[in-house]
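Enquirer: Going left to right, the sequence shown walks through residues 1 to 217 as full-length UniProt numbering numbers them.
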Amino acid sequence: MAAPSTLTNPTLTASVHDPLPNAGAGEGTAIVDEPATTGAAIDSTPISPIQRRDSLEKHLQTRPEAKDLRERGILHGSEGQSPAIQAKARDLERARAADSLKKELSSRPDAQDLRERNILHGNDGQSPAVQAKVRELERARAADTLKRELGTRSDKENLVARNILPEGNAAPGIQAQQKELQKHMRMNSLEQKLAHRPRAEELVKDGILEKDEAVVE
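1) So within the region 179-217, which uninterrupted alpha helix (DSSP H) runs reach at least 4 residues, ignoring any that extend past its ends?
2) Can you give, in chain order, each stretch of the alpha helix (DSSP H) that sits fully within the region 37-68 and has at least 4 residues?
3) Assuming L114 contacts L120 under a Cβ cut-off of 8 Å, what Cβ separation, rounded to an integer in Å, is found between them?
4) Alpha carbon to alpha carbon, how far is Q175 from D144? Give it in angstroms, no decimals.
5) Candidates D124, E57, S100 and K103: which alpha carbon is nearest A111's?
6) To the nearest whole angstrom, what separates the beta carbons of R90 and H76, a pair I think is in contact under 8 Å?
7) In whole angstroms, what separates the C-alpha of K179 from that of N188?
8) Span of the alpha helix (DSSP H) holding I74?
9) From the DSSP output, in three-state form, read off A171 for me.
10) Alpha carbon to alpha carbon, what distance is there between L146 and A132?
11) P83 lies in the alpha helix (DSSP H); which residues open and close that run?
12) So what's E116 in DSSP terms, helix, strand or just coil?
13) Just checking my contact of residue 256 with K211 at CB under 8 Å: how many whole Å lie between their CB atoms?
14) Can you tell me whether DSSP reads N123 as helix, strand or coil?
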């Protein structure tokens, strides 16, 4: 039996000797010429059912729970609900949200009210840049006014003399107790003076009151 010859082709640079699919024992081998591969080869081996099952089990083990999907807004409805009921529930949620938004928009304050509450600045039609300049001017004016007020405020001695600020450097809690004690002491002193005040007859006798001005007790 003659040895098989190698086929030659200018476009083919490598020969692979594979057994024939139906070759029996003692039969020859087929000579197949294939082009030389350049770069990484692609594995086109089909996945076996066992590998496919293992991959599916891994994905099922790492999948998120239904509760997590509901919190992220991916899954809607409750467990056991059919897709049709879940779709109706989503439509109802959208309708409620739209109705709530409509009510909020209808009851929102107007621009003038927001300006009076110092939430919105500037006038209608002003650009954001102009509104920013207006706010800066208002802050500068407020800071200048505060600076003048602080420069003309009364000192501590004056406030103490006018009975606005209590004497001493005690804590506010102690100052409140001292103030309450002084109040009770003044009331007690006034009661004692009223209890020991002279009678009207004595005042008339001493020439302090006229007889017609005497109060009859």
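By construction, the Cβ of each residue, glycine as well, lies at the ideal position given by its N, Cα and C atoms.
Expert: So, to answer that:
1) 200-205
2) 49-62
3) 4 Å
4) 33 Å
5) D124
6) 5 Å
7) 14 Å
8) Careful: I74 lies outside any alpha helix (DSSP H) and carries neither H nor E.
9) coil
10) 21 Å
11) P83 to S106
12) helix
13) This structure gives no information on residue 256, because the portion of the chain shown stretches from 1 to 217.
14) coil
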